[in-house]
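Scroll down for the structure; my scribbles are underneath it.
Numbering (full-length UniProt numbering), first residue to last: 1 to 290.
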């Protein structure tokens, strides 16, 4: 972490007060405190403020640049897990690769066409239990919501993966519909704010439903859903909620062999979605009590 402006100024004023020539000129004793001889409105103090702030900004910019370079180097390092994610997000649907490279040929393409071709909006990478196997989860967007790529898009993406993956490494692409989240909750409500169905008496919306949807949007792609965190989020963000309780939380995900959702499985504490993201099935099993 870089130095604060106060730390920089303190180093400068300490050196200033330790200088014998300056001590003779100003009439202070060496190593006296700067503030005991110079007021906050003195020209010397103002100059130190200006210079220390300039140095602070320079060091901050340099630190941020160094962090950016380090992240870029990590992501571009071939065959590391972050590299797979970077390569997935670089995919351009409908564009061919420049021969013998991992770069797409954007000759004659407009910026709008290039941006529209980048259909992989989310990606996460983990190592599988099987040796030399990488699990690459991806998702696109439809109407500002996470969604899987279409079959033609997935086929094109998998062909792209075959082009860039190292020899001897199997990459399993996970491009599923969202894991369905089944919530069976009991909400102790404030009857002055919410009616028996959980609707806001003043606004006519359903604050608990809105809070759940907001939590799902804040959950990172391939992030861990923690039941306790969800309940806490509801308590803090849903007006009229006194105490939320999880009676049962389950999820179901796509079985690739059946190409359909499997049976729901309980989530007692936390779980990462198999697809990388969740969708609440419905809000019918939320009970409101006083």
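Where a beta carbon is used, it is the ideal one built from N, C-alpha and C, also for glycine.
- Membership of residue 172 in the beta strand (DSSP E) is indicated by the continuous run 170-174.
- Cβ contact annotation for residue 226 (same chain, cutoff 6 Å, sequence separation greater than five): 270, in chain order.
- Secondary structure note for residue 213: its alpha helix (DSSP H) is the uninterrupted segment 207-218.
- Going by C-alpha positions, residue 187 is about 7 Å away from residue 241.
- In the structure shown, residue 152 adopts helical secondary structure according to DSSP, grouped into three states.
- Comparing alpha-carbon positions, the option among 168, 255 and 174 lying closest to residue 154 turns out to be 174.
- Between residue 121 and residue 140, the C-beta spacing is below 7 Å.
- Residue 270 carries a strand assignment under DSSP once its states are collapsed to helix, strand and coil.
- With contact defined as three or more Cβ pairs closer than 8 Å, the stretch 238-254 and the stretch 181-198 are in contact.
- In this structure, the straight-line span from the alpha carbon of residue 157 to that of residue 215 is close to 30 Å.
- Look at the stretch 222-263 and you find these whole runs of alpha helix (DSSP H), each 4 residues long or longer: 227-237.
- Only residues of its own chain outside the window of five on either side were considered, and among them 88, 120, 123 and 175 have a CB closer than 6 Å to the CB of residue 138, listed in chain order.
- The alpha-carbon of residue 129 is positioned some 19 Å away from that of residue 223.
- Contact annotation, residue 170 with residue 132: C-beta distance approximately 6 Å; criterion of less than 8 Å satisfied.
- A direct Cα-Cα distance of roughly 36 Å separates residue 259 from residue 198.
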